[in-house]
Amino acid sequence: MQFNSSLTPSQFESLPLTTDLTPDDAEVDNKLVREVPSKQSIVGLTGDGNSGEQRLNSLANQKSEELRHTLQAHKHERHLVILQDFPDPDALSSAWTYQLIALQYDIKCDIVYAGTLSHQENIALVKLTGLPAQRWTLQTLKSKDLSSYQGFVLVDNQGTTSALVAIVQQARIPLLVVVDHHNLQGDLKSEFLDIRPYVRATATIFTQYLQAGLLILDSSIHQHVKCATALMHGLRSDTNRLMQAQEEDFMAAAYLSKFYDAQLLNTVLQATRSKRAMDVIERSLKNRIVQNNFSIAGVGYLRYDDRDAIPQAADFLVTEDNVHTAVVYGIVHDEDEELEVVVGSLRTTKLTLDPDEFIKEAFGQDSSGRFFGGGRTSAGGFEIPMGFLSGSNENSPYAKMKWEVFDAQIKQKLLRLVNPKDNPIQ
Ligand SMILES: [Mn+2]
Numbered sequence: 010m011q012f013n014s015s016l017t018p019s020q021f022e023s024l025p026l027t028t029d030l031t032p033d034d035a036e037v038d039n040k041l042v043r044e045v046p047s048k049q050s051i052v053g054l055t056g057d058g059n060s061g062e063q064r065l066n067s068l069a070n071q072k073s074e075e076l077r078h079t080l081q082a083h084k085h086e087r088h089l090v091i092l093q094d095f096p097d098p099d100a101l102s103s104a105w106t107y108q109l110i111a112l113q114y115d116i117k118c119d120i121v122y123a124g125t126l127s128h129q130e131n132i133a134l135v136k137l138t139g140l141p142a143q144r145w146t147l148q149t150l151k152s153k154d155l156s157s158y159q160g161f162v163l164v165d166n167q168g169t170t171s172a173l174v175a176i177v178q179q180a181r182i183p184l185l186v187v188v189d190h191h192n193l194q195g196d197l198k199s200e201f202l203d204i205r206p207y208v209r210a211t212a213t214i215f216t217q218y219l220q221a222g223l224l225i226l227d228s229s230i231h232q233h234v235k236c237a238t239a240l241m242h243g244l245r246s247d248t249n250r251l252m253q254a255q256e257e258d259f260m261a262a263a264y265l266s267k268f269y270d271a272q273l274l275n276t277v278l279q280a281t282r283s284k285r286a287m288d289v290i291e292r293s294l295k296n297r298i299v300q301n302n303f304s305i306a307g308v309g310y311l312r313y314d315d316r317d318a319i320p321q322a323a324d325f326l327v328t329e330d331n332v333h334t335a336v337v338y339g340i341v342h343d344e345d346e347e348l349e350v351v352v353g354s355l356r357t358t359k360l361t362l363d364p365d366e367f368i369k370e371a372f373g374q375d376s377s378g379r380f381f382g383g384g385r386t387s388a389g390g391f392e393i394p395m396g397f398l399s400g401s402n403e404n405s406p407y408a409k410m411k412w413e414v415f416d417a418q419i420k421q422k423l424l425r426l427v428n429p430k431d432n433p434i435q
């Protein structure tokens, strides 16, 4: 069985720790909130067989124009670009592109994330391209003067997967720009909104902005070549090496092919797994149960830095014969914050299974109505805070008991959907 290192995690690996996207004090003019067009209306726009010079659909052009106006209106400002807590190549490359575009308008951007880069390819990408993302923990945030930012931007997420968003909102920094390809996660009030769930990667959307002229790429500028390489990686990893790519994604990849550095991308893709990630994958293999073509595996406790081994294990389990969907989960322990969270990933090759729906149906919502997870095409994730039960694992029988309870409960919730007659509790 082949183990392909280019399978990368989805951004929905982390979910709602914090955010409230509808602050009482709506500082943003409601009139500025734009409606997300339905897929139908876009199919009509793209399927006209028109071979326009850049072959961009009118929506992409219209959105690029809107973004240009938004940036124009915020010249000389400083913005915070917030990524999901565990950013993936799609998020990282898109944010970098936003930063370079914004710079044309003398807007300075800091790209930040609260969690960690735990996938070997993400670490390689950031190191090899010099991608300017910074880790801001909640601790870091306390030492920052947020008043120097006039706005914040969400790229490849809608604020539900970042622990930073709530704090930035408390500081009354307005949400200016959202660009994402996940299903709409709630009522978002942003000056500019471009959410296109049928596009397979946010990197595709950003490439379209480049094609529309928001930034003219130049192969003689190293930074442009590196950014194009990062975008190519983001686009490939969110489309399962282009296997799930659609016309728009291929068009974007074709455009990037004129600028990216194939050798650099190859080096990024050859990053190797840590031993601890391998151990988690081994545990997932050993613990998996397969029922009705679903493979389900609990992997016990993991360190925070190894969190990304969970989606990697799911990527692996879904390759087994007769398995179309894999769910892997574990308890991630954050030593710094003394917090524990159940983190899970879903991967599916079944076209009719919507990961977003499946996870929402399986785990439901927390007491404030927020879903424990969601997803996009072929991938999803969930995150369930353990709250009062966090920590105290020095006592190993307690730790074991706690794992067993969570393990049983998650299996129960999943099997209810997989095989309604089967209940592990009985
Ligand atoms: Mn993405």
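Add 9 to the 1-based position in the sequence shown for the numbering used here, that's all there is to it. Glycine included, C-beta positions come from ideal geometry on N, C-alpha and C.
Given a length threshold of 3 residues, each whole run of the beta strand (DSSP E) inside the segment 108-159 is given here in chain order: 117-122 and 142-144. Not a single heavy atom of ligand 1 lies less than 6 Å from the C-beta of Asp-203. The C-beta distance from Val-308 to Val-289 rounds to 5 Å, short enough to meet the 8 Å contact threshold.
The segment 336-354 and the segment 388-404 touch, with no fewer than 3 CB-CB distances between them shorter than 8 Å. Going by beta carbons, Ile-230 and Leu-173 fall outside the 7 Å limit.
Three or more beta-carbon pairs separated by less than 8 Å are not found between the segment 66-73 and the segment 130-149, which leaves the two stretches without contact. With respect to the 7 Å criterion, Val-277 and Ala-133 are classified as neighbours on the basis of their beta carbons. Ligand 1 approaches Asp-99 closely enough that one of its heavy atoms is under 6 Å from the residue's Cβ.
Annotation for Thr-106 indicates a beta carbon at 6 Å or more from all heavy atoms of ligand 1. Distance from Val-337 to Ala-322 at the Cβ level is roughly 4 Å; contact confirmed, criterion being Cβ atoms closer than 8 Å. A direct Cα-to-Cα measurement between Asp-165 and Gly-383 gives close to 14 Å.
Closest by C-alpha distance to Ile-319, out of Asp-330, Arg-282, Glu-346 and Asn-301, is Arg-282. Close CB contacts of Glu-370 within its chain, under the 8 Å cut and outside five residues either way in sequence, are with Leu-426 (chain order).
Bounds of any beta strand (DSSP E) do not take in Ile-225, whose DSSP letter is neither H nor E. DSSP places Ile-298 within a strand segment (E or B) once states are collapsed to three. With contact defined as three or more Cβ pairs closer than 8 Å, the segment 110-125 and the segment 79-88 are in contact. When the beta-carbon positions are compared, Leu-150 and Ile-182 stay at least 7 Å from each other. In this structure, Thr-170 sits near Gln-93, with a CB-CB distance shorter than 7 Å. Annotation for Leu-326: the continuous alpha helix (DSSP H) segment containing it runs 318-326.
Under the 10 Å beta carbon count, Glu-344 is surrounded by fewer than 16 other beta carbons and is classified as exposed.
Taking all protein chains shown into account, Glu-74 has fewer than 16 neighbouring C-beta atoms within 10 Å of its C-beta and is therefore exposed. Assignment of Glu-349 by DSSP, reduced to helix, strand and coil, places it in the strand class.
Taking 6 Å as the cut-off, one finds no heavy atom of ligand 1 near enough to the beta carbon of Thr-169.
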